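Chemist:
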Amino acid sequence: MIRFDHVSKRYATGGDALADVSFHLPAGGIGFLIGRSGAGKSTLLKLIACIEYASRGQVLIDGQNLGQLGRRGVPYLRRQMGIVFQNHQLLFDRSVFDNVALPLSIAGYPPREIGRRVRAALDKVGLLSKERVYPVSLSGGEQQRVGIARAVVNRPRLLLADEPTGNLDPELSVEIMSLFRQFNQVGVSVLVATHDLSLVERFGHPLLVLQDGRLVHDGFAKRQRAEDTAHGQG
Amino acid sequence: MARASDLRRGGRRRSGQRGEMDASAWLDQHRAACTLSLRKLLASPLATLLTAAVIGIALALPTAFFALLHNVQSLGSDWDGAARISLYLADSVADAEGAALAEELVGRADVAIARHIDRAAALAEFRELSGFGEVLDSLDENPLPGVVVVHPQAAATPDAVAALAAELGALHAVGDARVDLQWVQRLHAIIGVIQRAVAIVAALLGVAVLLVVGNTIRLDILGRREEIVVVKLIGATDGFVRRPFLYGGAAYGLLGGALAVLLVTLALGLIAAPVRGLAQLYGSAFEFSGLNLDSALALMLCGMLLGLGGAWLAVGRHLRDIEPR
């Protein structure tokens, strides 16, 4: 689903944000992206969402080379992924329902279909009763759940999350992560960037560890090798 | 994995990876963008009204000038057809001869009307209109010559009228021939100059409307920067982001155009009464014409297009700069 092939990213301001990063997150996989702040987690996610482009190497999403996507193709790529932000990025001048409906109205769904899907997504994150409420009056955890509902309402094949539990207490964090796992269980590929190591240990998904822009641990490759070995023996 | 399941889950109108939406989805989006932009305008009615007022005044000024010019022009053309040649008869010509000359001239193909004013009638008319009655009374004899007023055929060009005047002026009985045409030509020349000036002012004010709307939309765009970033992040195309701003600009323009119609109608209404009085002084039944429905609609359309153009300028310049970071 996500394939990085010797990817480097150097910003115009100088300094390598990413250096020679290669990994493959298989379709339907779930994993954590960890590292200290400044290690390159955000840059890596930005490359996947076409917010930034690789200086060297290739990023492929579902076989599509993002370097060759072109400006006009970017919106359609983003529609295939759901992105959850640390600060939610909700629009505060419209209701919870309208926030969650946004990806669908952008994609041109008919209103009835939008209503059905938005309610399904809100139900999934347990906020169906708040559809008419404005985001301001929600708690931090609730706002984050609205953000998740918006990310999944379009039924993306890939879910990206950038520090989704950054501002939440541990209990809420576990709740949010459980949501991600549920989506993964119905076939959505998930990549969660976090620095919450207790969460990482608790869920035990494969890790991608970044240190100063380099990938120092690739849990997917390790798992792949283990599977290969197992097959070899079997 | 995804392609097949997408199709299954997607329903009829799912837009594909780069798929085009069908027409009704496209219309839905336009309707949504339109309502959104109108709601934003209504949310801050005072600011909206102020912008619309600036546009309205900018549009009203040249429109009012054009309307006035149109009236003056129609006044000119009314009198244009009535270009007259006054034949002042020689002193030796008796009233009866003057009347005979008039009848003879009516027989000509290039003359529509020829009317004889005998010396006594000329004196009476002069006495009535000039206010010099007492001075005239002190004179021993009537100083005024008889006059034959000739109206050329309406289709006659100014040149033909001049030629006719020269020919009639050479007649034995005629002392002098005057064409009351020059002032009409001068009026036309003046109208031409003013028309050009008003066109220039109109063009400048049109540019002003573009800039006003452009600036308003620019501020609007900057104020909604975060919203734009968010919708781009969740897959909005440039078109989707652009649409509400374009509708907003068009709405400003339309509102401004409507205000301009109101202002011009009001202003012309205020002018109409004194103009009627003026026309009466000249013994004319001239009626001042205001904006008709067609020009009112054209003015509103013009405002809307200018608003759309201004928004387009702002959107083209600024939306590209706003990208997720």
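The listed protein sequences correspond, in order, to chains H and U.
With our numbering, the residue at position 156 of the first sequence is 156, and numbering never jumps.
If you want our numbering, it's the 1-based position in the second sequence plus 1000.
Built from N, CA and C at the ideal position, the CB exists for glycine as well.
Being a predicted model, the structure only gives us computed values, none of them experimental.
1. Measure the Cβ-Cβ separation of U:Val-1241 and U:Val-1230 and say whether it is below 8 Å.
2. Taking the alpha carbon of H:Ala-12 as the point to measure from, which residue in H:Ser-55, H:Pro-26 and H:Arg-112 has its own alpha carbon closest?
3. Do you know how far the Cα of U:Ala-1202 is from the Cα of U:Thr-1051?
4. Looking at the secondary structure, which residues open and close the beta strand (DSSP E) in which H:Lys-9 lies?
5. What is the rounded straight-line gap between the Cα of U:Thr-1157 and the Cα of U:His-1151?
6. What residue does the alpha helix (DSSP H) around U:Gly-1206 start on, and which one ends it?
7. Please determine if the segment 1214-1229 of chain U and the segment 66-73 of chain H are in contact, where contact requires at least 3 C-beta pairs separated by less than 8 Å.
8. Mark H:Thr-229 as exposed unless 16 or more other C-beta atoms lie within 10 angstroms of its C-beta, in which case mark it buried.
9. Does any C-beta atom of chain U lie closer than 8 Å to the C-beta of H:Ala-107?
10. Provide the residue span of the alpha helix (DSSP H) that contains H:Ile-176, from first to last.
11. For U:Ala-1058, collect the residues of the same chain with a Cβ closer than 6 Å to its Cβ; drop the 5 residues on either side in sequence, then sort them by chain order.
12. Ordered along the chain, which non-local residues of its own chain (more than five positions away) have a Cβ less than 7 Å from that of U:Asp-1091?
13. Could one say the Cβ of H:Gln-89 lies closer than 8 Å to chain U's Cβ atoms, at least one of them?
14. Give every residue of the same chain whose Cβ lies closer than 7 Å to the Cβ of H:Ala-19, excluding the five residues on either side of it in the sequence, and list them in chain order.
15. Give me the chain H residues within the contact set of U:Asp-1028, using Cβ-Cβ distance strictly less than 9 Å, ordered along the chain.
16. Under a CB-based cut-off of 8 Å, is H:Ile-34 close to chain U?
17. What residues from chain U crowd round H:Arg-79, counting only those whose CB sits closer than 7 Å?
18. How far does the beta strand (DSSP E) with H:Pro-75 in it extend, from its first residue to its last?
19. Is the distance from the Cβ of H:Ser-198 to the Cβ of H:Pro-164 below 8 Å?
20. Rounding to the nearest angstrom, what Cα-Cα distance links U:Ala-1067 and U:Val-1264 in this structure?
21. Which chain U residues sit within Cβ distance under 8 Å of H:Ile-51?
22. Closest by CA to U:Asp-1028, which one among H:Arg-94, H:Glu-52 and H:Arg-112?
23. Residues in its own chain within less than 7 Å of U:Ala-1099 by CB, not counting five upstream and five downstream?
24. Check whether the Cβ of U:Val-1209 lies closer than 8 Å to any Cβ atom in chain H.
25. Taking U:Val-1230 as the query, report the chain H residues whose CB atoms sit under 7 Å from its CB, ordered along the chain.
26. In this structure, does DSSP put U:Gly-1248 in helix, strand or coil?
27. If we ignore side chains and look at the alpha-carbon of each, how far apart do U:Met-1304 and U:Leu-1254 end up?
28. Measuring CA to CA, which of H:Asn-87, H:Ala-151 and H:Val-100 is closest to H:Lys-130?
29. With 8 Å as the C-beta to C-beta threshold (strictly closer), list the residues of the segment 19-32 of chain H near chain U in chain order.
30. Taking the CB atoms as reference points, tell me whether U:Leu-1168 and U:Val-1161 lie closer together than 8 Å.
31. Quick one: what does DSSP say U:Val-1148 is sitting in, helix, strand or coil?
32. Taking only beta-carbon atoms, is H:Ile-48 less than 8 Å away from chain U?
33. Starting from the beta carbon of U:Glu-1287, find every residue of chain H whose beta carbon is closer than 7 Å, and list them in chain order.
34. Should H:Arg-78 go down as buried or exposed, given a rule of 16 or more other Cβ atoms within 10 Å for buried?
35. Measure the C-alpha to C-alpha separation of U:Asp-1294 and U:Gly-1214 and round it to an integer number of angstroms.
36. Below 6 Å CB to CB, which residues in the same chain sit around H:Gln-82 once its five sequence neighbours on both sides are set aside?
Modeler: Quick answer:
1. no
2. Of the listed residues, the one whose Cα sits closest to H:Ala-12 is H:Ser-55.
3. Taking the straight line from one Cα to the other gives about 18 Å.
4. Boundaries of the beta strand (DSSP E) around H:Lys-9: 2-10.
5. Roughly 13 Å between the two C-alpha positions.
6. 1182-1223
7. Output reads no: the segment 66-73 of chain H does not touch the segment 1214-1229 of chain U.
8. exposed
9. yes
10. 170-185
11. Leu-1205, Ala-1208 and Val-1209
12. Pro-1145
13. yes
14. Ser-8, Gly-213 and Arg-214, listed in sequence order.
15. Ser-105, Gly-108, Tyr-109, Pro-110 and Pro-111
16. Answer no: the Cβ-Cβ gap between H:Ile-34 and chain U never drops below 8 Å.
17. Gly-1235
18. No beta strand (DSSP E) holds H:Pro-75; the alpha helix (DSSP H) holding it covers 74-78.
19. no
20. 9 Å
21. Leu-1233, Glu-1323, Pro-1324 and Arg-1325
22. H:Arg-112
23. Non-local C-beta neighbours of U:Ala-1099 in its own chain, meaning closer than 7 Å and more than five positions away in sequence, comprise His-1116, ordered along the chain.
24. no
25. Gln-89 and Leu-91
26. helix
27. The alpha-carbon separation between U:Met-1304 and U:Leu-1254 amounts to approximately 4 Å.
28. H:Val-100
29. The segment 19-32 of chain H vs chain U, Cβ under 8 Å: Ala-27 and Gly-28.
30. no
31. strand
32. Output row for H:Ile-48: interface = no.
33. Within 7 Å Cβ-Cβ: nothing; U:Glu-1287 doesn't reach chain H, min ~53 Å.
34. buried
35. Distance between the alpha carbons of U:Asp-1294 and U:Gly-1214: 27 Å.
36. Sequence check: residue 82 of chain H is Gly here, not Gln. Residues of the same chain with a CB within less than 6 Å of the CB of H:Gly-82, apart from the 5 flanking positions on each side, are Ala-151, Val-152, Pro-156 and Leu-159 in chain order.
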